[in-house]
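Working notes, structure below.
2 protein chains.
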Amino acid sequence: MKTPISTLVPVTARDVARELNLSQPTVSRILSGDVRHRASEETRKRVWETAERLGYRPNAVARSLRHGRTNVIGIHTNHKYDVRNDFLGTIVGALQCACGAYHLDLMLHNSLGSPAETLFDKLRDGRIDGLILHVGTDDPLFEILGTSPLPVVTVADSLPNLPAVMCDDASGMEQLLELLWQRGHRNFAFLAPHIQLPSVERRKKAFESELKRRKVPAHARRVISINYEQASSALEELQQNSPVAVCCWNDRTAYNLLRECLQRGIRVPREIAVTGFDGFRDDQLPARELVTVNCPWENVAEKALEKLVELIDLRQKKQMPPAPEEIRLPVTILDGDTI
Amino acid sequence: MKTPISTLVPVTARDVARELNLSQPTVSRILSGDVRHRASEETRKRVWETAERLGYRPNAVARSLRHGRTNVIGIHTNHKYDVRNDFLGTIVGALQCACGAYHLDLMLHNSLGSPAETLFDKLRDGRIDGLILHVGTDDPLFEILGTSPLPVVTVADSLPNLPAVMCDDASGMEQLLELLWQRGHRNFAFLAPHIQLPSVERRKKAFESELKRRKVPAHARRVISINYEQASSALEELQQNSPVAVCCWNDRTAYNLLRECLQRGIRVPREIAVTGFDGFRDDQLPARELVTVNCPWENVAEKALEKLVELIDLRQKKQMPPAPEEIRLPVTILDGDTI
DNA sequence: TTGTAGGCGTTATCAA
DNA sequence: TTGATAACGCCTACAA
Numbered sequence: 000m001k002t003p004i005s006t007l008v009p010v011t012a013r014d015v016a017r018e019l020n021l022s023q024p025t026v027s028r029i030l031s032g033d034v035r036h037r038a039s040e041e042t043r044k045r046v047w048e049t050a051e052r053l054g055y056r057p058n059a060v061a062r063s064l065r066h067g068r069t070n071v072i073g074i075h076t077n078h079k080y081d082v083r084n085d086f087l088g089t090i091v092g093a094l095q096c097a098c099g100a101y102h103l104d105l106m107l108h109n110s111l112g113s114p115a116e117t118l119f120d121k122l123r124d125g126r127i128d129g130l131i132l133h134v135g136t137d138d139p140l141f142e143i144l145g146t147s148p149l150p151v152v153t154v155a156d157s158l159p160n161l162p163a164v165m166c167d168d169a170s171g172m173e174q175l176l177e178l179l180w181q182r183g184h185r186n187f188a189f190l191a192p193h194i195q196l197p198s199v200e201r202r203k204k205a206f207e208s209e210l211k212r213r214k215v216p217a218h219a220r221r222v223i224s225i226n227y228e229q230a231s232s233a234l235e236e237l238q239q240n241s242p243v244a245v246c247c248w249n250d251r252t253a254y255n256l257l258r259e260c261l262q263r264g265i266r267v268p269r270e271i272a273v274t275g276f277d278g279f280r281d282d283q284l285p286a287r288e289l290v291t292v293n294c295p296w297e298n299v300a301e302k303a304l305e306k307l308v309e310l311i312d313l314r315q316k317k318q319m320p321p322a323p324e325e326i327r328l329p330v331t332i333l334d335g336d337t338i
Numbered sequence: 000m001k002t003p004i005s006t007l008v009p010v011t012a013r014d015v016a017r018e019l020n021l022s023q024p025t026v027s028r029i030l031s032g033d034v035r036h037r038a039s040e041e042t043r044k045r046v047w048e049t050a051e052r053l054g055y056r057p058n059a060v061a062r063s064l065r066h067g068r069t070n071v072i073g074i075h076t077n078h079k080y081d082v083r084n085d086f087l088g089t090i091v092g093a094l095q096c097a098c099g100a101y102h103l104d105l106m107l108h109n110s111l112g113s114p115a116e117t118l119f120d121k122l123r124d125g126r127i128d129g130l131i132l133h134v135g136t137d138d139p140l141f142e143i144l145g146t147s148p149l150p151v152v153t154v155a156d157s158l159p160n161l162p163a164v165m166c167d168d169a170s171g172m173e174q175l176l177e178l179l180w181q182r183g184h185r186n187f188a189f190l191a192p193h194i195q196l197p198s199v200e201r202r203k204k205a206f207e208s209e210l211k212r213r214k215v216p217a218h219a220r221r222v223i224s225i226n227y228e229q230a231s232s233a234l235e236e237l238q239q240n241s242p243v244a245v246c247c248w249n250d251r252t253a254y255n256l257l258r259e260c261l262q263r264g265i266r267v268p269r270e271i272a273v274t275g276f277d278g279f280r281d282d283q284l285p286a287r288e289l290v291t292v293n294c295p296w297e298n299v300a301e302k303a304l305e306k307l308v309e310l311i312d313l314r315q316k317k318q319m320p321p322a323p324e325e326i327r328l329p330v331t332i333l334d335g336d337t338i
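So the protein lines, in turn, are chains U and R. Number 134 in numbering that gives the first Met the number 0 belongs to position 135 of the first sequence; there are no gaps in the numbering. Number 82 in numbering that gives the first Met the number 0 belongs to position 83 of the second sequence; there are no gaps in the numbering.
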């Protein structure tokens, strides 16, 4: 059995060349599988053998420098969560899978720790070919990225002047309300987070306009602000207006609300009906089956990557990118037993 | 307001130098903040201004080539899951946070799609300074990595000749059995997956030896093989020997078992008591509170990164790494209502 | 079929 | 204080 020589220093093409009294480019040509360039069978064989024996591997950093392309894409979010978050985890997971098909690798950029400006530098220091972005409009990043040469595609939340792939939040909310309406609900509430997210704004807007269209009076379609995902603060107000159908801005909030109801003995859905949004329902757990909007986040990630690769290829050819476009993917309803 | 010039091509130090009729190295020295090298105040100012105006950012790829160091570390698993998996998600999340302190970035390597050999090439092509590894012993990778110059630390499951950081699985199982014993249980079962994982083997071994020590007869400490996390196939055997305390090899299996019990009307813990392992309990959901072993996976990730950084620094100084060491972190019990 | 020269963008060492 | 030169490892064009 052949064992590659154990070394503390990586082996270069030059090392292989020296070993055989050849020039470094000759070795490089043979090993990079250049079809046009025919070398003598004899030489090819010796080069391949020696390369394997010495454990040669082409250095990707040098390659990247030469080609002006790293085959790595980055993902960045300015929200305070890491990959353990439902949303980010799903996006990253799907990206990770999709990257395989394009022979790309994925780099996680941590806003955690470094200020935005430093991060911005890192994002365009040539280590990534493109970026998948998920940020709120409060991030200073997007202003700069709009004018930078780095190809960027945003997911879930759109930003001005950047291409975006997202879910059809408005349609999701409308479908949700239609279902609630069919089940006889006439009193509604929307639980919205304090933070501003374009996707949540769209959900809220659709909540209001759709119910207005159905002639629901203002007191029966209230919007209640909560601290991020903490539903408890809203419970008193909800109970006073029970029975009520509560549309939570995301699934986690809905689960929090369900738990609170369980603890306080509030009957679901009799007194309070609960819906989520996102489709992060965990069917494995012996809990209630949450009614929610099934958002195709995997498809969002895949589509975003597809767009990003297009942009990267264009830039490689030094062509101007097309005008930024917004893609909205259709959503469906996941029925359950909480309404 | 200064707006950086929008360009399709990145700006280099050479561009800045040309603009000012200076040499490229001079610009580089000033901008890289070399303290020893005093340049005239006048020049410094002009260089900084021009750099900002043109939107210059040092190219990290070139820097990496020069320094022989990328400040990126990789993470790889050969299991079929991506970052959405509880375990991997936690490890990656914790690494992501910990990387901030070391000014490192994290790259996800997808075994998904590319064969192991290709992956192996990628792992040592110079794009990462070190690797966090989580693989089963069936992976061909570890044989080769043992002799490669790339610093590697494994997590959760140790491999021969590689430093490892893991949880004290044996102690966790012993604590679990002690608790079950106190609560009066005398009939036990261990649900093990078909796949071979060193960590699970340790849990299984501890299950057997600890119960043997307590003089539990063989028929009251059975080991049942299941397909990965699917507990249902074991239910018949479990019911026939009820009441029984079931130690699942991980939390997900335990939750699956709980769900099956719920659906079939089997009382927990009366007929079947359930414990998990790992500490991936979701307290947010209105479900049963699983009794499980709280494994400090975040600490595992942090410790592994710490070790990896040490190895990287050593290699940078071209020193030999120390003999591989195994670090086991202590675990505790999370009590609940399922035993 | 193979070697030489040059450059990707940066940093380090020298000399001016 | 600054500039020239070389090197990191690779690839491409051209010349031999």
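Glycine included, every Cβ here is placed at the ideal spot set by N, Cα and C.
| Item | Value |
| --- | --- |
| Any C-beta of chain U under 8 Å from that of A217 (chain R) | no |
| H108 (chain U): CB within 7 Å of a non-hydrogen atom of the ligand MN | Although the ligand MN was asked about, the structure shown includes no ligands whatsoever. |
| Nearest neighbour of P412 (chain R), chosen from R:D167, R:L307, R:R220 [CA to CA] | There is no way to answer for residue 412 (chain R), as the model of chain R reaches only from 0 to 338. |
| Cβ contact (3+ pairs, closer than 8 Å) linking the stretch 222-238 of chain U and the stretch 246-260 of chain U | yes |
| Contacting positions in the stretch 93-108 of chain R - beta carbon closer than 7 Å to chain U | Q95, C96, C98, G99, A100, D104, L105, M106, L107, H108 |
| Limits of the beta strand (DSSP E) - the one that C247 (chain R) falls within | 243-247 |
| N- and C-terminal bounds of the alpha helix (DSSP H) containing C96 (chain R) | 85-101 |
| V308 (chain U), enclosing alpha helix (DSSP H) - first and last residue | 296-315 |
| Simplified DSSP assignment, three categories, for E324 (chain R) | coil |
| Any chain U beta carbon closer than 8 Å to R126 (chain R) | yes |
| Whole runs of the alpha helix (DSSP H) within the stretch 205-272 of chain U, excluding any shorter than 4 residues | 234-239, 250-263 |
| Pairwise C-alpha distance: Q174 (chain U) and A205 (chain U) | 10 Å |
| C-alpha gap between S157 (chain U) and L107 (chain R), whole angstroms | 25 Å |
| Test: G88 (chain U) CB closer than 8 Å to a CB of chain R | yes |
| Chain-ordered chain R contacts of D81 (chain U) [CB-CB under 7 Å] | G92, Q95, C96 |
| is_contact[S231 (chain R), chain U] using C-beta, thresh 8 Å | no |
| Buried or exposed by the 16-neighbour rule on C-beta atoms within 10 Å, applied to A50 (chain R) | buried |
| Environment of I74 (chain R) [buried if 16+ CB atoms lie within 10 Å] | buried |
| Nearest-angstrom beta carbon gap, A38 (chain U) and Q23 (chain U) [assumed within contact, 8 Å] | That belief does not hold up - the Cβ atoms of Q23 (chain U) and A38 (chain U) are roughly 14 Å apart, past 8 Å. |
| C-beta contact flag for L103 (chain R) and I72 (chain R) at 8 Å | yes |
| First and last residue of the uninterrupted beta strand (DSSP E) at M172 (chain R) | Taken as a continuous stretch (DSSP letters only), M172 (chain R) belongs to no beta strand (DSSP E), being part of the alpha helix (DSSP H) at 168-181. |
| Chain R contact residues for A61 (chain U), given Cβ-Cβ distances below 8 Å | L64, G125 |
| Under 7 Å from the C-beta of R56 (chain U): neighbouring residues of chain R | D120, R123, D124 |
| Beta-carbon neighbours of T69 (chain R), restricted to chain U and to distances below 9 Å | V60, R126 |
| Chain U within 8 Å of V8 (chain R), Cβ atoms only | yes |
| Extent of the continuous beta strand (DSSP E) to which P24 (chain U) belongs | That residue, P24 (chain U), is in no beta strand (DSSP E); its alpha helix (DSSP H) goes 23-30. |
| 8 Å Cβ cutoff, M0 (chain R) in contact with chain U | At M0 (chain R) the pLDDT is 37, less than 50, meaning the model places this residue with poor confidence; the figure from the coordinates comes in the next sentence. By this cut-off, M0 (chain R) is not an interface position. |
| Distance, A244 (chain R) Cα to N226 (chain R) Cα | 20 Å |
| Cβ of P268 (chain U) within 8 Å of any chain R Cβ | no |
| Buried versus exposed call for N20 (chain U) [16 or more other C-beta atoms within 10 Å across all chains shown] | exposed |
| Beta-bridge partners of G129 (chain U), as assigned by DSSP | U:I72 |
| Nonlocal neighbours in the same chain, by C-beta distance under 8 Å from M0 (chain U), ignoring five residues either side | Note on M0 (chain U): pLDDT 35, under 50, position unreliable in the model; no value is reported. |
| Where T291 (chain U) falls: helix, strand or coil (DSSP) | strand |
| Whole-angstrom distance between L105 (chain U) and I311 (chain U), CA atom to CA atom | 15 Å |
| Terminal residues of the alpha helix (DSSP H) in which I143 (chain U) lies | 140-144 |
| The stretch 126-135 of chain U / the stretch 305-324 of chain U touching (three or more Cβ pairs under 8 Å) | yes |
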